[in-house]
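Each remark here refers to the structure printed beneath this line.
In the working numbering, the protein residues as written are 21 to 423.
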């Protein structure tokens with residue numbers, strides 16, 4: 021009988037502001053434990069919210085072998101620890117920084133009302149087993165989210181901005197606020213050539229899910245039968261990445277305990293679909309290569325998922341990619357989501373016109389349509405090497421206006 025244990029701890033300090041003033045302070049402390057025993061291809065699991073003695077945890081896991089969860093795979097080995105914490109802020113220091121940011125908003129933009137949260141999150145995740153595996157990752161970041169409303173607006177909110185920093189800098193906050201608020205009352209005209217500048221997570225998440233090996237095998241993915249084909253732009257590369265630099269609150273190992281070479285898996289390279297992704301169970305069930313990643317499940321066996329995907333960044337800045345053209349920064353919008361054909365529409369209630377260096381003004385409401393194959397194909401411009409506007413990676417692509 022083999023044994024394994026997973027633990028997850030997360031501590032949060034949250035300062036919430038309403039009407040620009042401190043409204044509440046809260047602390048959250050979460051701890052989860054999962055004890056698992058493996059015998060004859062069956063796993064018994066005991067999941068517990070909070071800490072539990074190992075002897076009791078493994079005893080209850082052994083009792084749960086009767087539930088017959090099949091897991092006929094060898095446990096992984098290896099030791100590695102990763103600590104991405106840069107500066108863990110005491111509550112008093114975090115509040116001082118948050119108060120300073122909110123004071124800047126009140127004094128610089130008195131015609132706006134603000135709601136904001138400043139959340140300091142410390143994360144600790146560990147997996148151990150009898151074969152000598154001992155993996156651990158730790159992280160800390162301050163997450164900031166701000167919604168704003170102009171005093172003349174009839175909307176509940178006109179827009180928002182958010183970002184994360186491992187070492188918080190008030191200068192970055194001020195720049196974000198200036199980008200979103202300074203030109204809010206200046207009216208700009210919608211350009212004929214519509215280029216969107218977006219955070220790309222929702223777009224890439226949908227595309228990555230199409231590469232789930234189970235969906236590919238069942239024929240329920242738009243990419244079924246397309247492995248090896250070139251369907252996207254020459255300079256479009258999509259990679260699952262859990263590297264030290266790029267992962268936020270993510271372990272470098274997957275739910276099966278596997279670690280990828282160089283902490284990454286290339287899914288699409290230079291427009292060519294290289295592979296789907298499959299955990300151990302999916303690979304065995306459908307006779308496809310085991311690639312990982314598998315999602316972590318404290319109360320059950322793992323399955324395919326747990327992706328952290330990125331688009332390869334250009335060597336050019338956002339300004340250089342634009343080449344003198346302006347782009348649209350969507351701020352407040354609703355999306356239909358992608359349908360079964362990979363099509364979607366977005367209604368943009370509030371957006372900003374950006375020339376690659378500065379915000380020009382606010383744009384009127386409009387609607388656009390896009391297709392996932394076009395977004396990363398003929399309409400794909402690139403992901404900038406810098407991080408303007410979002411303090412994050414920016415995806416640039418053409419869209420079509422809908423009348």
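Heads up, the beta-carbon is just placed ideally off N, CA and C, and yes, glycines get one too.
Nearest neighbour of residue i, chosen from the options [CA to CA]
| i | options | result |
| --- | --- | --- |
| residue 264 | 417, 156, 114 and 66 | 156 |
| residue 82 | 63, 212 and 96 | 63 |
| residue 354 | 230, 67 and 385 | 385 |
| residue 320 | 84, 208, 342 and 307 | 84 |
| residue 422 | 43, 210, 68 and 50 | 210 |
| residue 378 | 208, 65 and 281 | 208 |
| residue 136 | 380, 164, 116 and 159 | 164 |
| residue 26 | 128, 69 and 146 | 146 |
| residue 417 | 126, 390 and 244 | 390 |
| residue 176 | 352, 28 and 373 | 352 |
| residue 383 | 348, 414 and 173 | 348 |
| residue 30 | 118, 42 and 69 | 69 |
| residue 117 | 252, 185 and 58 | 185 |
| residue 289 | 333, 103, 194 and 206 | 333 |
| residue 28 | 46, 325 and 67 | 67 |
| residue 153 | 401, 324, 314 and 278 | 278 |
| residue 342 | 131, 399 and 322 | 399 |
| residue 170 | 159, 344 and 204 | 204 |
| residue 168 | 42, 180 and 372 | 180 |
| residue 138 | 308, 131, 193 and 150 | 193 |
Where the beta strand (DSSP E) through residue i begins and ends
| i | result |
| --- | --- |
| residue 29 | 22-38 |
| residue 136 | 132-149 |
| residue 45 | 41-59 |
| residue 386 | 386-391 |
| residue 272 | Looking at the DSSP string, residue 272 is not in any beta strand (DSSP E), and its letter there is neither H nor E. |
| residue 102 | 99-103 |
| residue 261 | 258-261 |
| residue 338 | That residue, residue 338, is in no beta strand (DSSP E); its alpha helix (DSSP H) goes 338-342. |
| residue 331 | 329-331 |
Range of the contiguous alpha helix (DSSP H) that encloses residue i
| i | result |
| --- | --- |
| residue 414 | It is not in any alpha helix (DSSP H) - residue 414 carries neither H nor E in the DSSP assignment. |
| residue 159 | Careful: residue 159 lies outside any alpha helix (DSSP H), inside the beta strand (DSSP E) at 154-170. |
| residue 302 | 300-306 |
| residue 80 | 74-83 |
| residue 376 | From DSSP, residue 376 is part of no alpha helix (DSSP H); its letter is neither H nor E. |
| residue 200 | 190-201 |
| residue 124 | 111-128 |
| residue 236 | 233-238 |
Anticipated Cβ contact below 8 Å, residue i with residue j, distance rounded
| i | j | result |
| --- | --- | --- |
| residue 346 | residue 375 | 5 Å |
| residue 23 | residue 51 | With a Cβ gap of about 20 Å, residue 23 and residue 51 do not count as contacting. |
| residue 291 | residue 251 | 7 Å |
Beta bridge counterpart(s) of residue i as assigned by DSSP
| i | result |
| --- | --- |
| residue 290 | Answer by DSSP bridge pairing: none, since residue 290 is not bridged. |
| residue 225 | Looking at the DSSP assignment, residue 225 forms no beta bridge with any residue, so it has no partner. |
| residue 184 | 163 |
| residue 312 | 298 |
| residue 402 | 416 |
| residue 218 | 415 |
| residue 347 | 374 |
| residue 90 | 62 |
| residue 383 | 371 |
| residue 284 | 261 |
Contact between the region 251-268 and the region 189-205: three or more CB pairs below 8 Å?
By the criterion of at least three beta-carbon pairs nearer than 8 Å, the region 251-268 is not in contact with the region 189-205.
Three or more beta-carbon pairs under 8 Å between the region 368-380 and the region 290-297, yes or no?
Contact annotation: the region 368-380 does not touch the region 290-297, with fewer than three C-beta pairs closer than 8 Å.
Can you confirm whether the region 323-340 touches the region 212-225 when touching is taken to mean that 3 or more C-beta pairs between the two stretches lie within less than 8 Å?
Yes, they touch.
Any chance the region 351-365 sits against the region 387-396, with 3 or more Cβ pairs inside 8 Å?
Output reads yes: the region 387-396 touches the region 351-365.
Three or more C-beta pairs under 8 Å: does that hold for the region 96-110 against the region 69-88?
With a cut-off of 8 Å on Cβ pairs, the region 96-110 is not in contact with the region 69-88, counting fewer than three such pairs.
Contact between the region 105-122 and the region 135-142 (3+ Cβ pairs under 8 Å)
Under the 8 Å Cβ criterion, the region 105-122 counts as touching the region 135-142, having at least three qualifying pairs.
Assess, as a yes-or-no matter, whether the region 211-222 is touched by the region 277-289 under the definition of 3 or more beta carbon pairs within less than 8 Å.
Taking 8 Å as the limit for Cβ pairs, the verdict is that the region 211-222 does not touch the region 277-289.
Three or more C-beta pairs below 8 Å linking the region 33-42 and the region 115-124:
By the criterion of at least three beta-carbon pairs nearer than 8 Å, the region 33-42 is in contact with the region 115-124.
Give a yes or no on contact between the region 334-344 and the region 400-418, applying the rule of three or more CB pairs nearer than 8 Å.
They touch, by the three-pair rule.
Per the contact definition of three or more C-beta pairs closer than 8 Å, is the region 52-63 in contact with the region 261-280?
Contact between the region 261-280 and the region 52-63 is not established, with fewer than three Cβ pairs separated by less than 8 Å.
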